[in-house]
Structure formats: C-alpha cells, structure tokens
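In my numbering, the protein residues as written are 9 to 320. Glycine included, C-beta positions come from ideal geometry on N, C-alpha and C. Remember, it's a predicted structure, so these values are computed and weren't measured experimentally. Each remark here refers to the structure printed beneath this line.
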Ligand code: FAQ
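Right, here's the structure in full:
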C-alpha cells in the first residue's frame, strides 16, 4: 500500500472509533505528536511532585501528611505509566528524561509557581488537579490505546486528589479569619496559572488542528478551559471564596461563566523557562536524578545478571 492509502485506512479506523495500538501502522507525524505530548505530560507529573513535596514536612497533622505523601507518590506513578506509554512508540525513556534535564523539553507551566503556605496544597488539589481531570477525561478517549488506558487510571487517582484538595479548602474557608485569608490568598495566586494549563487560545495553538483530526484531542484548549471555569465557579461559591476576576459573569444565553483575558505574556515567559520557579525545579530534578543513579545502576546490573545464561 502506498502512503496515501495507508493514511486513508488509518484515518478511517479512527473515524470508526477503533484504538490505534503500538504495532499498528501509523503516520510518522502521529507518532511524533504523541511522543511530544505524552513525554511533556510525563515530565509534568514528575516535576509536579516538587511544589507539593515542599510542604510534606510542614503538614499540619499526621493524617494530612499521610494523604499528601500518598498523593505525591501517585504523581510519580503517573509519570511511570506515561513514560511507559511513550516507550510503546519506540522511544527510550532515558532519552526523554535526558531532554528534560538538558532543559530542552517542555512540562506544564503550572509547576513553575511557588507553594508558600499549607493552603496552597488544598488549592493545588482543587484547581490544578481539577483542571487536569477536565483535560484528561477528554484524553481518556484519545485514539492511541496505551495513552487512553493510562488516562483512565490516572483520572481515577486525580479524582481522589481533587477531593482531598477541596476538603482542605472547605475546612480552611470555614476556619479562623487567618485560615480564610490564607486560602483566599492561595486562590488569588493559583487561579490564572490554572487557566493557563489548558494552553494558548485555539487560534494560537499550532498543534490542535492535527491532534483533533486524529482524535488525540477531542476538545479544544478553549472548550476545556470554559468547562473548567463553569465547573469551578459554583464550587468557589459553595465555600464562600472569590475567584480573582472582575470580568467573571454568568451568560444566561450561553450558559457559560465568562471570564477575563489571561496574561499570555506571563504564560509564554513561564513556558520559555522564565517563570518564578523554573530554575529551582530543574535544579531539583537534576539533583534527584544524580542521587538516584545508584538505584538505576543496581537495577541494570540485576537485569543483566538475570538474563545471563546459567553456567553448566
Ligand atoms: N505549559 O499547540 P498547543 C497535572 C505548549 S498534569 C507548558 O496548544 P497542544 C497532574 C505546547 O506544548 C499537567 N507548555 O499544544 C498533576 C506547545 O509547545 P510545543 C500536564 C504548554 O499539545 C496535578 C505550545 O505550547 N498535562 O497537572 C502549555 O495541542 C497536580 C503550543 O500549544 C498534560 O500534559 C502549558 N500549560 O496542547 C501533577 C496533558 N500549554 O510542544 C502534579 C496532556 C501549551 O509545540 C500535581 N497535554 N504548551 O513546543 C495536553 O493536553 C496538551 O499538550 C496541552 C497543549 C493542552 C497541554
């Protein structure tokens, strides 16, 4: 079959709702787009452990500490599923991690902001995991089998993360005036960065058209951002918190919560490595990689030994 015929057959399979599996024929461009997106996603999960990890030693109780430890460990697990999903496309995870550590790979902008108080832990669970769920529930329907299956499991865990975050937020919002002030301050700092997680406007998103044609994405950046705002405004109202946007208003005709323009200059500065915590995050990842070297060497030596033919 020539390329054109193969592409037609491939696109027809996607149209019929079939999943594309690792050994199936796929256009090189589809493979590259998936490696790009899945590896950025994997890096985000792993770098995403750092902001919350920062507060583990300062959790206000043993119970809170256990829950936060479990959440941060889940994020490491998500990174592992995603690196495995990327490897099904014929790329080695050490190569992908090498790109991250060399500063050549992207990861989500959201993890380049600092966590200043315990309230940030609640707000990250509520807003950041909340945004991730909206995005990833869509990706659980992606046309590439290994990615969509990884998303189903990850979303289940993210739901638990969101609930623990919202529970912290609700507790603080009805706590002392100082606790309420802390949680409102955290919402003020995390709201805009959470909206940025969905990426640039559809008109400025170079990858969306191709990803939607191949049903990797089935909803656009702006559609998902709007869905997130619509879900989140009533949740903020329920606990008496204010979302920091003077332009936020309900539109009766569309049924949407309209919101103000995002600071795209800030977004691109963070994506290009100049956010408040980019340098610290990369430094922490490089140190962790170096400290984990002996574990990788031990695992490799063990694997070599197991595969050696037995003497005699
Ligand atoms: N940050 O053409 P588009 C989580 C880049 S996981 C940085 O619209 P696309 C769990 C984009 O890569 C959060 N870069 O791109 C958790 C592209 O650059 P490139 C991560 C961004 O792919 C919770 C360029 O801009 N989730 O939170 C961002 O169609 C709590 C043009 O953009 C995923 O990765 C950004 N926010 O749409 C963990 C989900 N937005 O590669 C710990 C999978 C855009 O051409 C604690 N990914 N860029 O050089 C996706 O859904 C998509 O890739 C988007 C971007 C929506 C992120």
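Identify the residues that DSSP records as bridge partners of residue 264: which are they?
-> 259
For residue 207, is the beta carbon positioned less than 7 Å from some heavy atom of the ligand FAQ?
-> yes
Closer than 7 Å: is that where the CB of residue 128 sits relative to any heavy atom of the ligand FAQ?
-> no
Beta carbon of residue 117, beta carbon of residue 45: below 8 Å?
-> no
Taking 8 Å as the CB-CB cut-off, is residue 39 touching chain D?
-> Absent from the structure is chain D; it holds one protein chain and no more.
Presumed contact (8 Å Cβ cut-off) between residue 55 and residue 121, rounded CB distance = With a Cβ gap of about 12 Å, residue 55 and residue 121 do not count as contacting.
Mind checking residue 278: buried by the 16 CB within 10 Å criterion, or exposed?
-> buried
Whole-angstrom C-beta distance between residue 252 and residue 167, which should lie under 8 Å = 26 Å between Cβ atoms; not a contact.
How many Å lie between residue 143 and residue 78 at the Cα?
-> 22 Å
Report yes or no: do three or more beta-carbon pairs, one from the stretch 264-275 and one from the stretch 99-107, lie closer than 8 Å?
-> no
8 Å Cβ cutoff met for residue 154 and residue 30 = yes
Are residue 123 and residue 63 close, meaning C-beta to C-beta below 8 Å?
-> yes
Any contact of the stretch 103-112 with the stretch 290-310, i.e. 3+ C-beta pairs under 8 Å?
-> yes
Range covered by the alpha helix (DSSP H) that runs through residue 89 | 70-95
State yes or no: is the C-beta of residue 234 nearer than 7 Å to some heavy atom of the ligand FAQ?
-> no
Reduced DSSP category for residue 174 - H, G, I as helix; E, B as strand; rest coil | helix
Helix, strand or coil: how does DSSP classify residue 121 here?
-> coil
Between residue 314 and residue 308, what straight-line distance do the alpha-carbon atoms span, to the nearest angstrom?
-> 10 Å
In angstroms, rounded to a whole number, what distance separates the CA positions of residue 178 and residue 224?
-> 35 Å
Report yes or no: do the stretch 83-91 and the stretch 19-30 share at least 3 C-beta pairs separated by less than 8 Å?
-> no
Coil, strand or helix - residue 152 by DSSP = strand
When the Cα of residue 94 is compared with those of 262, 306, 152, 140, which residue comes out closest?
-> 152
Using the beta-carbon count (16 or more within 10 Å), is residue 222 buried or exposed?
-> buried
According to DSSP, is residue 28 helix, strand or coil?
-> strand
Residue 34 CB to nearest heavy atom of the ligand FAQ below 7 Å = no
Per-residue burial, residue 186 [other beta carbons within 10 Å of its own, 16 or more giving buried] | exposed
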